Structure formats: C-alpha cells, structure tokens
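Undergrad:
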Amino acid sequence: MIHVESLHKKFGKNEVLSGLELDIDQGGIFAILGPNGSGKTTLIKTILGMVIPNKGTISVMDSLVKNKWKYRQDINYLPQIANFPGNLKVKELIAMIKDIRQKPSDEQKLIGLFGLEPFLDKKLSNLSGGTKQKVNIVLTFMFDSPLIILDEPTNGLDPLALIRLKELIAEEKAIGKTFLITSHIMQFVEEVSDEVVYLLEGEIYFKGSIAELKIKTGQTNFEHAIAAISTHNKHD
Amino acid sequence: MIKILKYSFYDLMRSRWSYVYFLFYLLLGFVLLFLNNELSKAVITLMNVIIVLVPLIGTIFGVMYYYNSKEFTELLLAQPIKRSSIFLGQYFGVAGSLTMSLVLGLGIPFALYGLFESNAIWDFSLLLITGAFLTLIFTAVAFNIALSNENKIKGFGYAVLAWLFLAVIYDGLFLMSLIVFEEYPLDSFSLVATMFNPIDLSRTLILLKLDISALLGYTGAIFKQFFGTNLGLVMSICMLLLWTIIPVWRLSYVAKRKDF
Numbered sequence: 313m314i315h316v317e318s319l320h321k322k323f324g325k326n327e328v329l330s331g332l333e334l335d336i337d338q339g340g341i342f343a344i345l346g347p348n349g350s351g352k353t354t355l356i357k358t359i360l361g362m363v364i365p366n367k368g369t370i371s372v373m374d375s376l377v378k379n380k381w382k383y384r385q386d387i388n389y390l391p392q393i394a395n396f397p398g399n400l401k402v403k404e405l406i407a408m409i410k411d412i413r414q415k416p417s418d419e420q421k422l423i424g425l426f427g428l429e430p431f432l433d434k435k436l437s438n439l440s441g442g443t444k445q446k447v448n449i450v451l452t453f454m455f456d457s458p459l460i461i462l463d464e465p466t467n468g469l470d471p472l473a474l475i476r477l478k479e480l481i482a483e484e485k486a487i488g489k490t491f492l493i494t495s496h497i498m499q500f501v502e503e504v505s506d507e508v509v510y511l512l513e514g515e516i517y518f519k520g521s522i523a524e525l526k527i528k529t530g531q532t533n534f535e536h537a538i539a540a541i542s543t544h545n546k547h548d
Numbered sequence: 060m061i062k063i064l065k066y067s068f069y070d071l072m073r074s075r076w077s078y079v080y081f082l083f084y085l086l087l088g089f090v091l092l093f094l095n096n097e098l099s100k101a102v103i104t105l106m107n108v109i110i111v112l113v114p115l116i117g118t119i120f121g122v123m124y125y126y127n128s129k130e131f132t133e134l135l136l137a138q139p140i141k142r143s144s145i146f147l148g149q150y151f152g153v154a155g156s157l158t159m160s161l162v163l164g165l166g167i168p169f170a171l172y173g174l175f176e177s178n179a180i181w182d183f184s185l186l187l188i189t190g191a192f193l194t195l196i197f198t199a200v201a202f203n204i205a206l207s208n209e210n211k212i213k214g215f216g217y218a219v220l221a222w223l224f225l226a227v228i229y230d231g232l233f234l235m236s237l238i239v240f241e242e243y244p245l246d247s248f249s250l251v252a253t254m255f256n257p258i259d260l261s262r263t264l265i266l267l268k269l270d271i272s273a274l275l276g277y278t279g280a281i282f283k284q285f286f287g288t289n290l291g292l293v294m295s296i297c298m299l300l301l302w303t304i305i306p307v308w309r310l311s312y313v314a315k316r317k318d319f
C-alpha cells in the first residue's frame, strides 16, 4: 500500500526525518506514535505530497508520489487542525469538496450520524472546535477511498461523537481499508489499532502489534509501554 | 484551476471589501464627472488616482487574501489537484475580482455620462487596460512576497515597501539621477528607466495618449517619438505583459517546491 525508502527531511537546520523506512500493507489500522516533534505529521504530509522530502522515495499503491497529484484521489485525509475558510457555509464546503473530487459520496448518512443537520446553513467561522472537527470527519469519510489518513481524529470530540467515530473506523476497516492514524490518546489507539509504528528522532523505533510492544517493554499497560520506550531510549 | 478560480472569486465577491472597493470607484467616477463636467478632464484626474491606488489595493488585497486563505489552501493541497492550479486559481480569482470592481465601478458612471458617444472612449479604455494590468502585476508581486514569507507582518511590510518603492521612491531616484547626470545625454536612460517600472510606464502611456506631452518638455518630445508610435505602444504592452508573466511564473515555480 505505502512504501517509504530512506526518507530525509530537514526544516532549516532541524532534521525531522532521517532515513526513515516504512512498509504499510493493505488492510488494517496502523497507529503512528511518537513524542511531540518526532516527525509524525511530517511523515503523513510527505505521503500526501504536502511536504517535499530532501531525499528518499515514497510510493502509494505502487506509484511514486513525487510531483504527482492524481494518486490523492485514492486518499482521504483528516488534517490535524480543522481550519476551514470561514466565509463558507458547511453545506457549501461539502458541495465544494464534492465538486473538486468528482467521486460518489454519502455525506447524508454521515451528517445524520454526527447530528450536523442544524449546522448546515451556518458559516464555518461560527462553529465550535468540536463541531468543526465533525465537519472535518464528514469531509474525510464521505468518499470511498482505499487509504484513509487521520491526524489526531479525536481532537475536541464529545463522547458520543467519539463512539460514532470508532464505529465508523471499524466499519471501513471491515471492508478492507487501510488506515494511518496519529493520536496522543493511548486509550483510543489501543482500542482501534492493529499495529503500532513508533517514531523517534526521525526513524522508526518500533513496528509491531500492541502485544509485541508490551512484551518488548515488559509492561502490561499500553500507555506505560509507550512511556517506557520513550524513556528507555533516552538512557541509551 | 478553473474550479479554484471560481471558488476564490465567489469567496471574494461575498466579502465586504470587494463591495467597498467597487462602491469607492463608483463614487469616484460620479464625483469626478460632476466636478469636471467633461469626460477627458475626468480621465486625467482619474489617471492620477488609479496609477497610485490600483497598485496599492492590488498589493494589500493580494497579501491579505493569501494569508487569510491559508486554511483553504491547506485543505486543497490534500485534495487531488495540481499545486500550481491551486495557487494560480487563487491568484486569478483575486486579480479577476479586483479588475471587475475597477472596470464596473468606473465603467458605470462613465457609460451613464455618455462615454460611448464621446471620443474619450479610447483614452478611457486605455486607462482601464492599464488599470487591469497594474492589478494583475501588483497582485502577483504580493502573492510572491506572501508565499516567500511565513510571517504575516514581514510579508505585509515587504509588500507595502515594494509598492512604495515602485510608486514613490523609484521616481525620486529617477529624478535625482537625472539631476546628477544632467551633463550627459539621458534620453535612452529615461526611456529604459520608465519601461522598467510598471507604474511609470502606465502613466507615460496614458499621458501621451491624452496628448499633453507638451507638459513633459524636451524629454516629452523624445517620449512622444517612442511611445507615441505603434511600436512604442506594442513595446509597452509587452513590457506590462512581462511584468505580469514573470511574477506569475515565479509563483507557480515556488509553490511547487514549498512545504506546507
């Protein structure tokens, strides 16, 4: 599905990714974890072509992504901070993205699921953070694409919406979709993900299932296991 | 690109500022006609306003729109669209709506006053064409500056400085060099110097079209010889086109290589 080879990225003097290698197979949920500033968002953005790597290659579904844009038709991306053009109404934003993607979509079901009907005629600048995130989720999930990338999907969601989101992820996974998720909420990660990719100092420090991670670190609790690998490494 | 252009244009058409800009020109047109009572005189007064104001508005709108639509841009970057289409679409959306405000805002009062029956129509058209060019040029310059500066304050500062330089400082330097080097023949120098500043170039073009080149003295005669001919006009339009194309090209070049 995704193949990343010796990926390097520097922002000024700050080296964010240093020779990262990653293979993501089709199907399943992969959680990308790591401390703040470990390069999670940069990795996602290079896959999406928003950040251009200094070195290395990325291919998504067997085609190189460099200078290409059509492959993004097969990716649904949920950005970390749901900032939308404030002048638009929710309805118009959805229509606009549909117009741009030119793909069949089922936004009605999702709007109902997250109870967004009363907000459809409101301007985006007047929505609360949580409601914006719901709109963000609708925009991400309304298309049928094989790869779904979620950057901090739980931001600002209320408990009901969170349950709905988890159900949605499970549904999509059941029909063979591939997910890349970043999150700092370990409980959420433990609940949904099949495999964990742990980034540290611009490289993959660990890749495997949660059970393997617990064995490796000798912890029984997932949150502590994650904390253990971050601290463990600092003493090396 | 057309889709992005459509949305940017639509977005701007609904913002208050486009209307303010449009109403300003509408009002300016009516007031000038009321005060001057003659079309060709109104055109001259109008030129003095347009030559300074259009670049300023283009610069400020360009920078403001770029920074304000950052979220929109980021949303679009993750969609299956070519990068250059996103930025060029936004640029033409802004420049297009500004040009429309200018053409409609000034066109309506002049048309009502009987522009189509008068012989000032060509002067007036030239005024609108140079106004459109100045909008395209300065919006492109502003987009370039904004694209290269993450910091809004810096970007805004540089953009205003660029306008100030071309609108005011350039003329000052030009005049000073004429005084310092007055013993030398300066005809070709002043011609070239005028060609390199889109504001000066527009001013000269319109002034000569209005046939008041006598005001410019000896240099005016030389200018008349050059700009007054068809070749001069074509050259000037080419220069304005170049002033538009180069920043637009750089815009798409830089956008392709930038991280978001």
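Protein chains in written order, with my numbering: chain A, 313 to 548; chain B, 60 to 319. In this text, a Cβ means the ideal position worked out from N, Cα and C, and glycines have one as well. Remember, predicted model here, so these are calculated numbers, not experimental data.
(1) Would you call the CB atoms of Asn399/A and Asp70/B closer than 7 Å?
(2) Within 7 Å (strictly less), CB to CB, does Leu136/B reach chain A?
(3) Taking the alpha carbon of Leu86/B as the point to measure from, which residue in Leu163/B, Gln149/B, Met72/B, Gly155/B has its own alpha carbon closest?
(4) Could you tell me whether the Cβ of Lys213/B comes closer than 7 Å to any Cβ of chain A?
(5) State the DSSP-derived secondary structure class of Glu242/B, mapped to helix, strand or coil.
(6) Can you grab the Cα-Cα spacing for the pair Ile305/B / Thr132/B, in whole Å?
(7) Indicate the three-state DSSP secondary structure (helix, strand or coil) for Leu400/A in the structure shown.
(8) Since Thr490/A and Gln338/A are thought to touch, with beta carbons under 8 Å apart, how far apart are those beta carbons, to the nearest angstrom?
(9) Look at the alpha carbon of Glu327/A and the alpha carbon of Asn348/A, and state the distance between them as a whole number of angstroms.
(10) Under a three-way DSSP split, which group does Asn467/A fall into?
(11) Put Ser457/A into one of helix, strand or coil per three-state DSSP.
(12) Report the rounded CA-to-CA distance for Met254/B versus Asp456/A, giving the unit in angstroms.
(13) When the distance is taken between beta carbons, is Leu334/A closer than 7 Å to Ile516/A?
(14) Check the Cβ-Cβ distances between Asn366/A and every residue of chain B, and say whether any is below 7 Å.
(15) Helix, strand or coil for Thr198/B? Go by DSSP, reduced to three states.
(16) Could you run through the stretch 241–262 of chain B and flag, in chain order, every residue whose CB is less than 8 Å away from some CB of chain A?
(17) Taking the straight line between their C-alpha atoms, what separation do you get for Ser295/B and Leu195/B?
(18) So with CB distances below 7 Å, who are the chain B contacts of Ile412/A?
(19) Whose C-beta lies closer than 7 Å to the C-beta of Phe285/B among residues of the same chain, with five residues either side of it excluded?
(20) May I ask you to list, following chain order, the residues of the stretch 381–393 of chain A that have a beta carbon less than 7 Å from some beta carbon of chain B?
(21) For Pro397/A, would you say it is in contact with chain B, using Cβ-to-Cβ distances shorter than 7 Å as the test?
(22) Under a three-way DSSP split, which group does Ile449/A fall into?
(23) Give the residues of chain A in contact with Arg309/B, contact being defined as C-beta atoms less than 8 Å apart.
(24) Any C-beta of chain A within less than 9 Å: which residues of the stretch 103–136 of chain B qualify?
(25) In the DSSP assignment, what residue or residues form a beta bridge with His320/A?
(26) In chain B, which residues lie with their C-beta within 8 Å of the C-beta of Val363/A?
(27) Could you tell me which of Trp308/B, Trp302/B, Gln149/B, Ile140/B sits nearest to Phe336/B, measuring between CA atoms?
(28) Using a Cβ-Cβ cut-off of 8 Å (strictly less than) and excluding sequence neighbours within five positions of Arg50/B, which residues of its own chain qualify?
(29) Mind checking if Leu360/A is an interface residue toward chain B, Cβ cutoff 7 Å exclusive?
(30) Along the chain, where does the alpha helix (DSSP H) that runs through Thr532/A open and close?
(31) If we call anything under 7 Å between Cβ atoms a contact, is Glu317/A one with Gly351/A?
(32) Taking only three categories from DSSP, how would you classify Lys141/B?
(33) In or out: Asp259/B buried (at least 16 other Cβ within 10 Å) or exposed?
TA: Taking the structure as given:
(1) yes
(2) yes
(3) Leu163/B
(4) no
(5) coil
(6) 22 Å
(7) coil
(8) 5 Å
(9) 14 Å
(10) coil
(11) coil
(12) 55 Å
(13) yes
(14) no
(15) helix
(16) none
(17) 15 Å
(18) Lys62, Gln138, Ile140
(19) Leu250, Gly291
(20) Trp381, Lys382, Arg384, Gln385, Tyr389, Pro391
(21) yes
(22) helix
(23) Per Cβ cutoff of 8 Å: no residues; Arg309/B is ~17 Å from chain A at best.
(24) Asn127, Ser128, Lys129, Glu130, Phe131, Glu133, Leu134, Leu135, Leu136
(25) Ser330/A, Lys367/A
(26) Asp318, Phe319
(27) No information on residue 336/B is available, as it lies outside the stretch 60 to 319 that chain B covers here.
(28) In the structure displayed, chain B extends from 60 to 319; residue 50/B sits before or after that span and is not available.
(29) yes
(30) Taken as a continuous stretch (DSSP letters only), Thr532/A belongs to no alpha helix (DSSP H), as it is neither H nor E.
(31) no
(32) coil
(33) buried
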